[in-house]
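J.:
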Amino acid sequence: MLVHSRKGKWTLWTLFLVLFVPLFALPLLVIVAASFATNWSGAFPSGPTFENYASATRGESLRALTTSLVTALVASLLALLVGSWAALAAHALSKKGKRLLDTLFMLPVAVPSVVVGLAVLVAFSQPPFLLNGTRWIVILAHAILVTAFAYQSVSAAIVRLDPAYEQAAASLGARPSYVLWRVKLPLLLPSLNAAAGLCFALSMGELSATMMLYPPDWMPLPVRIFTATDRGSLFTGSAVAVVLMGATLLVLLAVSRVRTRASYR
Amino acid sequence: MSGGDVGGGVGIRFDGVSVAYGSHTVLDSLDLTVERGEVMALLGPSGSGKTTALRAVAGFVTPVRGRVLIGDRDVTDLPPHRRGVGMVVQSYALFPHMRVEDNVAFGLKAQKAEKTAIPGRVAEALEMTGMAAYAKRYPRELSGGQQQRVAIARALAIRPGVLLLDEPLSALDAQLRSGMLAELASLHRELPDVSILYVTHDQVEALTLADRIAVMDKARLRDCGTPQELYRSPRTEFTASFVGNANLLPVRVGSGQVRLGEAELTVDTAGVVAGATATLCVRPHLVGLGEGANALRGTVAEVQWRGATHRLYVDVAGQRVKADVRELRVPPALGEQVVLHFAPEDAVLLSAGVSDE
Numbered sequence: 001m002l003v004h005s006r007k008g009k010w011t012l013w014t015l016f017l018v019l020f021v022p023l024f025a026l027p028l029l030v031i032v033a034a035s036f037a038t039n040w041s042g043a044f045p046s047g048p049t050f051e052n053y054a055s056a057t058r059g060e061s062l063r064a065l066t067t068s069l070v071t072a073l074v075a076s077l078l079a080l081l082v083g084s085w086a087a088l089a090a091h092a093l094s095k096k097g098k099r100l101l102d103t104l105f106m107l108p109v110a111v112p113s114v115v116v117g118l119a120v121l122v123a124f125s126q127p128p129f130l131l132n133g134t135r136w137i138v139i140l141a142h143a144i145l146v147t148a149f150a151y152q153s154v155s156a157a158i159v160r161l162d163p164a165y166e167q168a169a170a171s172l173g174a175r176p177s178y179v180l181w182r183v184k185l186p187l188l189l190p191s192l193n194a195a196a197g198l199c200f201a202l203s204m205g206e207l208s209a210t211m212m213l214y215p216p217d218w219m220p221l222p223v224r225i226f227t228a229t230d231r232g233s234l235f236t237g238s239a240v241a242v243v244l245m246g247a248t249l250l251v252l253l254a255v256s257r258v259r260t261r262a263s264y265r
Numbered sequence: 001m002s003g004g005d006v007g008g009g010v011g012i013r014f015d016g017v018s019v020a021y022g023s024h025t026v027l028d029s030l031d032l033t034v035e036r037g038e039v040m041a042l043l044g045p046s047g048s049g050k051t052t053a054l055r056a057v058a059g060f061v062t063p064v065r066g067r068v069l070i071g072d073r074d075v076t077d078l079p080p081h082r083r084g085v086g087m088v089v090q091s092y093a094l095f096p097h098m099r100v101e102d103n104v105a106f107g108l109k110a111q112k113a114e115k116t117a118i119p120g121r122v123a124e125a126l127e128m129t130g131m132a133a134y135a136k137r138y139p140r141e142l143s144g145g146q147q148q149r150v151a152i153a154r155a156l157a158i159r160p161g162v163l164l165l166d167e168p169l170s171a172l173d174a175q176l177r178s179g180m181l182a183e184l185a186s187l188h189r190e191l192p193d194v195s196i197l198y199v200t201h202d203q204v205e206a207l208t209l210a211d212r213i214a215v216m217d218k219a220r221l222r223d224c225g226t227p228q229e230l231y232r233s234p235r236t237e238f239t240a241s242f243v244g245n246a247n248l249l250p251v252r253v254g255s256g257q258v259r260l261g262e263a264e265l266t267v268d269t270a271g272v273v274a275g276a277t278a279t280l281c282v283r284p285h286l287v288g289l290g291e292g293a294n295a296l297r298g299t300v301a302e303v304q305w306r307g308a309t310h311r312l313y314v315d316v317a318g319q320r321v322k323a324d325v326r327e328l329r330v331p332p333a334l335g336e337q338v339v340l341h342f343a344p345e346d347a348v349l350l351s352a353g354v355s356d357e
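First to last, the sequence lines map onto chains A and B.
Under the UniProt record's numbering, residue 265 is the last one in the first sequence; the count climbs by one each step, no gaps.
Under the UniProt record's numbering, residue 357 is the last one in the second sequence; the count climbs by one each step, no gaps.
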């Protein structure tokens, strides 16, 4: 730590808690509190119940949860594949080509996601690319939105990778594809893993583009939360939100466990 | 590919090789031949082009002009993985996700060597470098010196005709370095036909290990010869100062003698025009303290105790002369007048024409 005096440390901790608790922790705690409530008219919620969770984990809500999980899984795998491929290719390009590719992959992040959703809707509503009304349009939109993050984190990892590994492998007679599979990708694995976690989390929470696109039989969890609270079922919506939070954190935790096992140094 | 027997070595030839990045030339028309089984040290300060020359053999830089030959094969346009050279770099670049044995087997597997032959050749390479006991370890579990040996074993496992060593000892501490130096020498005695190109900035490594030394500076080859030749009769000022840190004294040439300030010194002046200025090159350890032939009178500017020797810096006629003498009971005080001398046959006269441009 840079601060050594006892007083300085206490001041910093207090400042941290004053800023962190109301900004980050309290809103989440409020949702958790609301998810157990039937009524919230005073300062605190009342009428404790598990009824909200019962409805949040069956029927339409349960279907929305699996929809979200499948969407996030497929979208982040697609994003990882395309993003890593592009990052590897960009690394081999000239400076100019790399900058062009960087900009191209930044675009979906820079543009509001509603616009991306609309663009995907317009682009894939006509044959021969008719995806509108299917689950694939949602998955595609998610993949487009999160590929930028996969591209960026893998790109950063490739730059950090010591070229000596690749060169040592080549001097030992390994052709480029062999070097890629046996040396580069294994060394990039921790970063690929981190990128996958990030993509998954982002996809799990995506709402604005999804709202433009989702077909009736493929409603992800954030949309479900939105429609529930929109109808006024605030407490059911809260329970569904806690489920979304829990599911995402659980997956991220599993992913990070894999990551610690895959890092070599 | 390099499927030959152990010691199926080949030579290396640089044929007017130039490497440039944009308008910046990092290697300027290098002509150099490394004979089969020879240890050639590329010696020079950083930025002298020595590593670039090695990378041109490995295939990591493409020359703008000239050809690189390994044996009779022109490899200039071959990708690195088809050149069949073993390489060890300063950072070792051991694959951190593989055990020692898998690191060593990497080249054999990549070249699709016969599966049944791989374990034997891995064991052989590990045996040769004394690392057989560490086969199951990961690189991060090894010390620097052990990683170094694994890197050498990995390069030797593919039985290369040529071994490229890029500052292989510079990451080790001094004590380990001299031990590894001896081991590299004995390794080369075991593989007498493998040509070794050894890049270093350390003259001790070059003098100890090399059959010949190529001295490089500012992208060019300055001098090439056996360590003894370069040490005893350097052809350029750069070689004289870089190899052995010689005294370089500007003198005026007479016939059979030269003049440094007031002092008349007897040296071999053959090949140098009388009346010209030249550089007199004398090794510090060949300069003695006290009266003798070729006496130089001066003032002591600094005295350094180095254990077995004293290093004296003496100002003679405006020049600072270094002398390494056996440890003195009573070293001279600073500012004291002393006399130095050196034997005529221990000095080399370099005419101004062959010094650095």
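In this text, a Cβ means the ideal position worked out from N, Cα and C, and glycines have one as well.
Predicted model only: the values in this text are computed from it and were never measured.
Name the residues in the segment 7-35 of chain B whose C-beta lies less than 7 Å from a C-beta of chain A; which are they?
T.: none
J.: Consult DSSP for Lys-9(A) and reduce its assignment to one of helix, strand or coil.
T.: On the first sequence, residue 9(A) is found 9 positions in, with the first residue counted as 1. Three-state result, Lys-9(A): helix.
J.: Tell me, to the nearest whole angstrom, how far the beta carbon of Met-212(A) is from that of Val-114(A); I am working on the premise that it is less than 8 Å.
T.: As a first step, residue 212(A) is located in the first sequence; it is residue number 212 there, counting from the start. As a first step, residue 114(A) is located in the first sequence; it is residue number 114 there, counting from the start. With a Cβ gap of about 7 Å, Met-212(A) and Val-114(A) count as contacting.
J.: Measuring CB to CB, does Ala-150(A) end up less than 7 Å from Ala-92(A)?
T.: Along the first sequence, read from residue 1 onward, the residue named residue 150(A) stands at position 150. Along the first sequence, read from residue 1 onward, the residue named residue 92(A) stands at position 92. No, these two residues do not count as a Cβ contact at 7 Å.
J.: If you run the structure through DSSP and keep just helix, strand and coil, what is His-4(A)?
T.: As a working note, residue 4(A) is residue 4 in the first sequence. The answer is coil: DSSP assigns His-4(A) none of H, G, I, E or B.
J.: List, in chain order, every chain A residue whose beta-carbon is nearer than 7 Å to that of Ile-158(B).
T.: Residue numbering aside, residue 158(B) sits at position 158 when the second sequence is read from its first letter. Within 7 Å Cβ-Cβ: Leu-172 and Gly-173.
J.: For the putative contact between Ile-158(B) and Leu-43(B), defined by C-beta atoms under 8 Å, what is the C-beta separation to the nearest angstrom?
T.: Counted from its first residue, the second sequence places residue 158(B) at position 158. Counted from its first residue, the second sequence places residue 43(B) at position 43. The Cβ separation is near 27 Å, so there is no contact.
J.: Could you check where the beta strand (DSSP E) with Lys-109(B) kicks off and where it finishes?
T.: Here residue 109(B) corresponds to residue number 109 of the second sequence, with the count starting at 1. Careful: Lys-109(B) lies outside any beta strand (DSSP E), inside the alpha helix (DSSP H) at 100-110.
J.: Residues of chain A with CB under 9 Å from Arg-154(B), in chain order?
T.: Position 154 of the second sequence, counted from the first residue, corresponds to residue 154(B). Result: Ala-168 and Leu-172.
J.: Compute the distance between the beta-carbons of Leu-122(B) and Ala-105(B), then report whether it is under 7 Å.
T.: The residue you call residue 122(B) lines up with position 122 of the second sequence. The residue you call residue 105(B) lines up with position 105 of the second sequence. The sequence shown places Val at residue 122(B), rather than the Leu named in the question. Against a cut-off of 7 Å, the Cβ pair of Ala-105(B) and Val-122(B) comes out as a contact.
J.: Counting along the chain, where does the alpha helix (DSSP H) carrying Ile-225(A) start and finish?
T.: On the first sequence, residue 225(A) is found 225 positions in, with the first residue counted as 1. 221-230 is the extent of the alpha helix (DSSP H) around Ile-225(A).
J.: Am I right that Leu-289(B) and Val-338(B) are in contact with their C-beta atoms under 8 Å? What's the rounded C-beta distance?
T.: Here residue 289(B) corresponds to residue number 289 of the second sequence, with the count starting at 1. Here residue 338(B) corresponds to residue number 338 of the second sequence, with the count starting at 1. At roughly 6 Å, the Cβ-Cβ gap stays under 8 Å, so Leu-289(B) and Val-338(B) are in contact.
J.: With three or more beta-carbon pairs closer than 8 Å as the criterion, would you say the segment 229-237 of chain B touches the segment 186-197 of chain B?
T.: Counting C-beta pairs with one atom in each stretch, the segment 229-237 of chain B and the segment 186-197 of chain B have fewer than three that are closer than 8 Å, which means they do not touch.
J.: Determine whether the beta carbon atoms of Ala-87(A) and Lys-98(A) lie at a separation below 7 Å.
T.: On the first sequence, residue 87(A) is found 87 positions in, with the first residue counted as 1. On the first sequence, residue 98(A) is found 98 positions in, with the first residue counted as 1. Result no, Cβ atoms of Ala-87(A) and Lys-98(A) do not sit closer than 7 Å.
J.: When you compare only the Cα positions, how much space is there between Val-300(B) and Pro-250(B)?
T.: Locating residue 300(B) in the second sequence gives position 300, counting from the first residue. Locating residue 250(B) in the second sequence gives position 250, counting from the first residue. Computed Cα separation, rounded: 19 Å.
J.: Does the separation of the CB atoms of Leu-260(B) and Thr-279(B) fall below 7 Å?
T.: As a first step, residue 260(B) must be located in the second sequence, where it is residue number 260. As a first step, residue 279(B) must be located in the second sequence, where it is residue number 279. Result no, Cβ atoms of Leu-260(B) and Thr-279(B) do not sit closer than 7 Å.
J.: Show which residues of chain B have a CB atom less than 8 Å away from the CB atom of Val-183(A).
T.: To locate residue 183(A), count along the first sequence from 1; it is residue 183. Simply Phe-95.
J.: With DSSP run on the structure shown, which of helix, strand or coil describes Pro-112(A)?
T.: Stepping through the first sequence from its first residue, residue 112(A) is reached at position 112. Coil, per DSSP.
J.: Pick helix, strand or coil for Ser-351(B), following the three-state DSSP scheme.
T.: Within the second sequence, residue 351(B) is the residue found at index 351, counting from 1. Three-state DSSP puts Ser-351(B) in a strand.
J.: Are there 16 or more other CB atoms within 10 angstroms of the CB of Asn-39(A), so buried, or fewer, so exposed?
T.: Position 39 of the first sequence holds residue 39(A). Exposed.
J.: With H, G and I counted as helix, E and B as strand and the rest as coil, what does DSSP make of Lys-218(B)?
T.: For the purposes of this step, residue 218(B) is taken as the residue at position 218 of the second sequence. DSSP places Lys-218(B) in coil when its eight states are reduced to three.
J.: At a CB-CB cut-off below 9 Å, which residues of chain B make contact with Ala-187(A)?
T.: Here the question's residue 187(A) lines up with position 187 in the first sequence. It is Leu, not Ala, that sits at residue 187(A) in the sequence shown. Chain B residues near Leu-187(A): Phe-95, Pro-96 and His-97.
J.: According to the Cβ coordinates, are Ala-219(B) and Thr-25(B) closer than 7 Å?
T.: Sequence index remark: in the second sequence, residue 219(B) carries index 219 (1-based). Sequence index remark: in the second sequence, residue 25(B) carries index 25 (1-based). In contact: Ala-219(B) and Thr-25(B) (Cβ atoms closer than 7 Å).
J.: Closer than 9 Å between beta carbons: that is the criterion. Which residues of the segment 208-221 of chain A meet it against chain B?
T.: For the segment 208-221 of chain A, there are no residues whose beta carbon sits under 9 Å from a beta carbon of chain B.
J.: When we look at the beta-carbon of Arg-58(A) and count the other beta-carbons within 10 Å, is it buried (16 or more) or exposed?
T.: For the purposes of this step, residue 58(A) is taken as the residue at position 58 of the first sequence. Flag for Arg-58(A) reads exposed.
J.: Going by C-alpha to C-alpha distance, which of Val-199(B), Gly-307(B) and Gly-179(B) sits closest to Glu-327(B)?
T.: Here residue 327(B) refers to the residue found at position 327 of the second sequence. When each option's Cα is compared against that of Glu-327(B), the closest is Gly-307(B).
J.: With 16 other CB atoms within 10 Å as the buried threshold, where does Gln-167(A) fall?
T.: Your numbering for residue 167(A) matches position 167 in the first sequence. It is buried - the Cβ of Gln-167(A) has at least 16 other Cβ atoms within 10 Å.
J.: Measuring CB to CB, does Pro-22(A) end up less than 7 Å from Ala-33(A)?
T.: For the purposes of this step, residue 22(A) is taken as residue 22 along the first sequence, with counting starting at 1. For the purposes of this step, residue 33(A) is taken as residue 33 along the first sequence, with counting starting at 1. Cβ distance not < 7 Å, so Pro-22(A) and Ala-33(A) don't count as in contact.
J.: Between Leu-184(B) and the rest of its own chain, which residues show a CB-CB distance below 7 Å, the 5 nearest in sequence each way excluded?
T.: Locating residue 184(B) in the second sequence gives position 184, where the first residue counts as 1. Taking C-beta separations shorter than 7 Å and ignoring five residues to either side along the sequence, the partners of Leu-184(B) in its chain run Leu-209, following chain order.
J.: Starting from Leu-142(B), follow the alpha helix (DSSP H) in both directions and report where the run begins and ends.
T.: Along the second sequence, read from residue 1 onward, the residue named residue 142(B) stands at position 142. No alpha helix (DSSP H) contains Leu-142(B), which DSSP labels as neither H nor E.
J.: Within this structure, are the beta carbons of Glu-237(B) and Leu-350(B) separated by less than 7 Å?
T.: Start at 1 with the first residue of the second sequence, and residue 237(B) comes out as number 237. Start at 1 with the first residue of the second sequence, and residue 350(B) comes out as number 350. In this structure, Leu-350(B) lies closer than 7 Å to Glu-237(B) by Cβ.
J.: With a 10 Å radius around its C-beta and 16 neighbouring C-beta atoms as the bar for buried, classify Asp-166(B) as buried or exposed.
T.: Position 166 of the second sequence holds residue 166(B). The residue is buried, with at least 16 neighbouring Cβ atoms inside 10 Å.
J.: How should Pro-80(B) be labelled, buried or exposed, when 16 other C-beta atoms within 10 angstroms of its C-beta is the threshold for buried?
T.: Indexing the second sequence from 1 puts residue 80(B) at position 80. Buried, because 16 or more other Cβ atoms sit within 10 Å of the Cβ of Pro-80(B).
J.: With the cut-off set at 7 Å, would you say Asp-28(B) and Gly-66(B) are in Cβ contact?
T.: Here residue 28(B) corresponds to residue number 28 of the second sequence, with the count starting at 1. Here residue 66(B) corresponds to residue number 66 of the second sequence, with the count starting at 1. Here Asp-28(B) is not near Gly-66(B), since their CB atoms are 7 Å or more apart.
J.: In the DSSP output, what is Leu-296(B) paired with across the bridge?
T.: Within the second sequence, residue 296(B) is the residue found at index 296, counting from 1. Paired residue(s): Leu-340(B).
J.: Whole angstroms are fine: how far does the CA of Ser-143(B) sit from the CA of Leu-17(A)?
T.: Here the question's residue 17(A) lines up with position 17 in the first sequence. Here the question's residue 143(B) lines up with position 143 in the second sequence. Distance between the alpha carbons of Leu-17(A) and Ser-143(B) is about 44 Å.
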